[in-house]
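Mapping of the sequence shown onto our numbering: position 64 corresponds to residue 71, and the numbering continues sequentially without gaps.
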Amino acid sequence: MKRREKTTKTKVKGDCSSKGPRYSRDQGWGYGHLALLLIFLGFLLCFLAWAATLHIGNFGFDAAACGHIEISPRHGASTPQQTIGTLGPEAEPGVLSSVLLWDRLGQYEVNYTVPSGCWPGAHIAIEHFY
């Protein structure tokens, strides 16, 4: 086959409707910017965890319970059990309150003191025996 020299353009460019410069990889997001963004998101996550811990008084691993109360076992009850309860609307820290529990001997009512750091409507962990 014989090769010949080109005498005319074979490609026709379209109209450029965009304004501004083209994208340059040299001026784009580098690893430094991405690292700073990840560090900022990490600090934001730590701050939110700290604020949530201040609000509920602990890390929230016990169903977000604001405190614990321990109730001594009745005669014949030996199996430990934990119940999550909700404080009533009139509950205040340091105030005497009562809870109605059931065990294998039947139901019974126990008085306890609302732990400090709890507020009305908060969850509380009740450790008792069944």
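Glycine included, C-beta positions come from ideal geometry on N, C-alpha and C.
Here the structure is a predicted model, which is why all the values come from computation and not from measurement.
With H, G and I counted as helix, E and B as strand and the rest as coil, what does DSSP make of residue i?
i    : result
H62  : helix
L107 : strand
C125 : coil
Y115 : strand
A72  : strand
G39  : helix
G49  : helix
Output the boundary residues of the beta strand (DSSP E) element that contains residue i.
i    : result
S85  : Premise fails: S85 is in no beta strand (DSSP E) and is neither H nor E.
E134 : H130 to F136
Hey, residue i and residue j: beta-carbon distance below 8 Å or not?
i    : j    : result
H75  : A132 : yes
E134 : P87  : yes
L48  : G83  : no
G124 : C73  : yes
Out of the options, state which residue places its alpha-carbon closest to the alpha-carbon of residue i.
i    : options                : result
A129 : V117, I91 and Y119     : I91
Y119 : G101, L112 and A72     : G101
E97  : H82, T14, A84 and W126 : W126
Q114 : L94, E99 and Y137      : Y137
T93  : A71, S79, S85 and E77  : A71
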